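Peer 1:
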Amino acid sequence: MLNFLFPQMKHQEKPPGENITELMEFVLLGFTDVPHLQWFLFTLFLIIYIIILMGNGTIVLITKLDPALQAPMYFFLGNFSFVEICYVSVTLPRMLTNLWTQRRTISLVACAAQMCCILVLGATECFLLAVMAYDRYVAVCKPLHYPLLMSHKVCAQLVAGSWVSGVPVQIGQTLQSFSLPFCGSNLINHFFCDIPPILRLACGDTFVNELMVYIVAVLFVTVPCLLILISYGKIISTILKLPSATSQSKAFSTCSSHLMVVTLFFASAIITYLGPKKSHSAGTDKVLSLFYTIVTPMFNPMIYSLRNKEVITALRKLLCK
């Protein structure tokens, strides 16, 4: 199973007589294979970064300030947009700096810190999406109990749990990855420090690390995804039983925005990290990672603003002010 999920991660044994050099820094190759596109890519990613900051920042702002957006659903949406800003800010600024200066080195400590932040924020996103699905499930399937089940205290606890739950595991996974000996090349064929490209540079047996990656992926990606699917299965079943077409349309409209974000997020994550990679080149992996780490956060505020009338109304109020 591990070889199917991570075929590029071989169980490396140190060749006899080879000295292990203690690496103090890595080189993020990024997009060095297209040198003629460096300035175009810099401009493109800078525009995307600004769009992500403005779009998600606006969502955070209006969910905090607008009295009409104080429901639990918008509380979770504001937190999710804040996580998206943090997640993108861990990768894009360094990538922009590398494209601008052409200095692609990153210290071992900075690489470990970047990896840890990416893993923690990725886990937080997975849990928050599951919490948002649970919120929609309670709102549609148990409306009479909604004020009690989704009180402000409960919502705050769910958000705090989403942030904290992945921290110990992901810190442990980062420490485990960087406790491996590294020898030979220090070139990371990626635009940020992630577990798969780091393990490819390690000497010795990486089986335990690969097993941990698989277990954590199941716990933090597959389990929330299954919970979301179960929640929406019950939601759709309940909606279809509503007496009027108007009620059905309103319920579908409320849930469809979240379902679109869920599909975009988990589909890209599963293709990138859990799909078969035998046919993937390094370039394909980087493109998939770009979609997962950059395109999804960019579309998040667009989907919610275009599909939600209350968000559009709040945006108009903000623009008028």
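Heads up: take any position in the sequence shown, counting from 1, add 749, and you land on my numbering.
Positions of the beta carbon are idealized from the N, C-alpha and C atoms, including for glycine.
These numbers come from a predicted model, not from an experiment.
#1: Classify Arg1065: buried if its beta carbon has 16 or more other beta carbons within 10 angstroms, exposed otherwise.
#2: By DSSP, does Ala951 sit in helix, in strand, or in coil?
#3: For Lys1066, name the three-state secondary structure that DSSP assigns.
#4: What residues are listed by DSSP as bridge partners for Phe775?
#5: For Asp954, which of Phe941, Phe940 and Pro930 has the nearest alpha-carbon?
#6: Pairs of beta-carbons, one from the region 810-819 and one from the region 855-870, closer than 8 Å: are there three or more?
#7: Pairs of beta-carbons, one from the region 877-897 and one from the region 1009-1019, closer than 8 Å: are there three or more?
#8: Which whole-angstrom value is the C-beta distance of Asp782 and Ile867, which I expect to be below 8 Å?
#9: When DSSP labels each residue in this structure, what does Leu991 get in the three-state scheme?
#10: If we require 3 or more residues per run, which beta strand (DSSP E) segments fall completely within the region 772-860?
#11: Consult DSSP for Phe931 and reduce its assignment to one of helix, strand or coil.
#12: Go through its chain and collect everything with a Cβ distance to Phe829's Cβ below 6 Å, but skip five positions before and after it.
#13: Looking at C-alpha atoms only, which residue of His1007, Pro1050, Ala1016 and Ile1020 is the closest neighbour of Tyr886?
#14: Out of Cys974, Cys865 and Asn935, state which residue places its alpha-carbon closest to the alpha-carbon of Thr696.
#15: By the 10 Å Cβ neighbour count, where 16 or more other Cβ atoms means buried, how is Gly921 classified, buried or exposed?
#16: So, at 6 Å on beta carbons, what are the nonlocal neighbours of Val962 in its own chain, with the 5 sequence-adjacent residues on each side left out?
#17: Got a sec, what are the start and stop residues for the alpha helix (DSSP H) Ser914 sits in?
Peer 2: The structure says:
#1: exposed
#2: strand
#3: helix
#4: Bridge partners of Phe775: Ile855.
#5: Checking every option, the nearest Cα to that of Asp954 belongs to Pro930.
#6: no
#7: Contact holds: three or more Cβ-Cβ distances are below 8 Å.
#8: That belief does not hold up - the Cβ atoms of Asp782 and Ile867 are roughly 22 Å apart, past 8 Å.
#9: Residue state, collapsed to three classes: coil.
#10: Listed in chain order, the beta strand (DSSP E) elements of length 3 or more contained wholly in the region 772-860 are 774-777 and 854-856.
#11: strand
#12: Leu877
#13: His1007
#14: In the structure as shown, the chain starts at 750 and stops at 1070, and residue 696 therefore has no counterpart that could be examined.
#15: exposed
#16: Ile944
#17: His901 to Ser914
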